[in-house]
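Residue numbers (this note's numbering): -19 to 550.
Note that beta-carbon positions come from the ideal geometry of N, C-alpha and C, so glycine has one too.
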RNA sequence: GCCCCCGUAGCUCAGCGGAUAGAGCACCGGCCUCCGGAGCCGGGUGCGCAGGUUCGAGUCCUGCCGGGGGCACCA
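Next up, the structure:
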């Protein structure tokens, strides 16, 4: 069944179409009614009638008697008041729908490229947003029926691997593996870097090693593979700790495209797109200019005949369309890469690798800032590891749980502390418009008062407690009474879930779903204060349990789409 | 110099061209014979500035101001 909004929109669209072909009714949620239709105001001039007359004509052309009461208001708005009976019947129908009204759509093959940490470096706050946002988008697409191919474009290639491999050799494989396997990647990298900067002989060995790596020397590749495998193992641990659904099988690192790079160049050259400039092989897509107003190149092959990340990204793009058959490709990468992706897409279009019917989008995001509004760093100026971020949040959550539930078993508390910590961090990240920078404030996100992940978890857990107390697991399948304004407001919000999911997906903006869930939780809290449930008469109790059940399930499904657990108790 | 993103309440943020711009935090009042108070109810002289488009602009366009970022071989 279509959502309430969709149903109203279809009806109004038909009525408007009869008056002015293809006119948009501009149906919106309203503070003055359940919904309002704004389209009449815009049509008035063209139709030579007053807005109120246009609105009246629309109402003549529409029959909503089964759904809503309507009236012309103000200068020409149409206020829509949904009938309680229609709301109640739709709510009843949701009870047997695990998907809470969200329909599956025709499956699209969707590549989501996200996280992308670097081999031999620990994951830090810089990877947080890509990982969390990408995971959320992947979940959303899967939920509506898309076939999602997650791609973790790990940085596993390039000149630093010369020094990393030489450092591995110096340490001895066994010691190196021991060090890396416990996740101490940063000190490994730092030691290698330090030797590279201070020791000329080491520098020479490193350069030689890079050449051997690129030439495919078996022993060198074996050593390289150790670094990659150890790192990927470590990433998997971090993803598990974060509750992110990426696995080792989603890792398709930069090196995976090595064999494609020559043919990328050849293909571009064959199409006459390649220009040699200052020794580098470049494509100059129209519309891009650089510092001196000169055309801006996308450097496909460097003057030293090595390949940069543009070549890799082009190869990946080509692969995702031609071999994976992607209908949509999302790159969850920071906003500073905006121009790079514009150029990649432009060249992809020029080369015919990215057909018009394939949607390719840079899902950009802003930075995580510290309290000083600068890039979030530790007091010593180091980047902050995701693991320690999570540990800090878990510690806070543990303290809070200990304060509120001292009787709780330690094992249960540990599990919950992790759930709450993940909720705090992820929700804080997902709940603001991703394009903006945001200030990382652990106190605010864990404190769980207000618009936070833990607040939503609490709202859910409280409802589950209600059912435990009632000795039940769900509600009877009946149409709830909505005569109390708090009941009605909650019921109306519940019916908006499909629209929230749809809008979140259409814009790749998780904060829309966050906003919806927070408002839903608030409306539930108001309802919960206003309307006694278990102590009410049997009819009223059953009716209110319907609303409670649907709220709990909507929160659980919604939180799951955000990648956040919804524990039954806290 | 050019390009991109962002400027909304003391702070952190919503706001899909529509009616009187909303939340959370903080602050001040209420609400504890109440199903979990991590809650609920009430309290607000704020859209950086100036033009323009529109019946209607926080939202679209132009120009400024302020912050961040990018602009040839690191990814």
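Residue i - containing beta strand (DSSP E), residue span
i: residue 57; result: 57 to 62
i: residue 8; result: 7 to 9
Contact belief for residue i with residue j at Cβ below 8 angstroms, rounded distance in angstroms
i: residue 142; j: residue 99; result: Going by Cβ atoms, the distance from residue 142 to residue 99 rounds to 13 angstroms, so no, they are not a contact pair.
i: residue 535; j: residue 439; result: 6 angstroms
i: residue 280; j: residue 244; result: 7 angstroms
i: residue 265; j: residue 323; result: 6 angstroms
i: residue 87; j: residue 126; result: 6 angstroms
i: residue 263; j: residue 327; result: 5 angstroms
i: residue 66; j: residue 80; result: Not really, about 17 angstroms apart at Cβ, beyond 8 angstroms.
i: residue 212; j: residue 111; result: Actually they do not touch by this definition, with Cβ atoms about 14 angstroms apart.
i: residue 90; j: residue 308; result: 5 angstroms
i: residue 373; j: residue 404; result: 5 angstroms
i: residue 370; j: residue 546; result: With 8 angstroms as the limit, residue 370 and residue 546 do not qualify as a contact, their Cβ atoms being about 19 angstroms apart.
i: residue 135; j: residue 96; result: 7 angstroms
i: residue 123; j: residue 82; result: 7 angstroms
i: residue 0; j: residue 27; result: 7 angstroms
i: residue 44; j: residue 459; result: 19 angstroms between Cβ atoms; not a contact.
i: residue 432; j: residue 407; result: 6 angstroms
Residue i burial status per 10 Å Cβ neighbour count (16 or more: buried)
i: residue 12; result: exposed
i: residue 580; result: It is not possible to answer for residue 580, since the shown part of the chain is limited to -19 through 550.
i: residue 188; result: exposed
i: residue 437; result: buried
i: residue 35; result: buried
i: residue 382; result: exposed
i: residue 232; result: buried
i: residue 376; result: buried
i: residue 252; result: exposed
i: residue 59; result: buried
i: residue 354; result: exposed
i: residue 269; result: exposed
i: residue 235; result: buried
i: residue 162; result: exposed
i: residue 77; result: exposed
i: residue 386; result: exposed
i: residue 174; result: exposed
i: residue 167; result: exposed
i: residue 226; result: buried
i: residue 196; result: exposed
i: residue 332; result: exposed
i: residue 409; result: buried
i: residue 146; result: buried
i: residue 155; result: exposed
i: residue 101; result: buried
i: residue 362; result: exposed
Bridge-paired residues (DSSP) for residue i
i: residue 93; result: 131 and 311
i: residue 53; result: 57
i: residue 48; result: 62
i: residue 15; result: 9 and 60
i: residue 419; result: 349
i: residue 98; result: 135
i: residue 104; result: 365
Element boundaries [alpha helix (DSSP H), containing residue i]
i: residue 506; result: 490 to 510
i: residue 513; result: First-last for residue 513: undefined, no H or E at that position.
i: residue 483; result: 477 to 487
i: residue 471; result: 465 to 474
i: residue 33; result: 31 to 40
i: residue 412; result: Unbroken run through residue 412: none, as it is neither H nor E.
i: residue 531; result: 518 to 542
i: residue -7; result: -16 to -1
Going residue by residue through the stretch 117 to 156, where are the continuous beta strand (DSSP E) segments of at least 3 residues, counting only ones entirely within it? 127 to 131
Scan the stretch 150 to 202 and note each continuous alpha helix (DSSP H) run of 4 residues or more that stays entirely inside, going in chain order. 153 to 161, 165 to 178 and 180 to 195
For the stretch 229 to 313, list the alpha helix (DSSP H) runs that are entirely contained and at least 4 residues long, ordered along the chain. 238 to 250 and 289 to 302
Any beta strand (DSSP E) of 3 or more consecutive residues that is wholly inside the stretch 328 to 395: 339 to 343
If we require 4 or more residues per run, which alpha helix (DSSP H) segments fall completely within the stretch 429 to 461? Taking 4 residues as the shortest admissible run, the stretch 429 to 461 contains the following complete alpha helix (DSSP H) segments, listed from N- to C-terminal end: 433 to 450.
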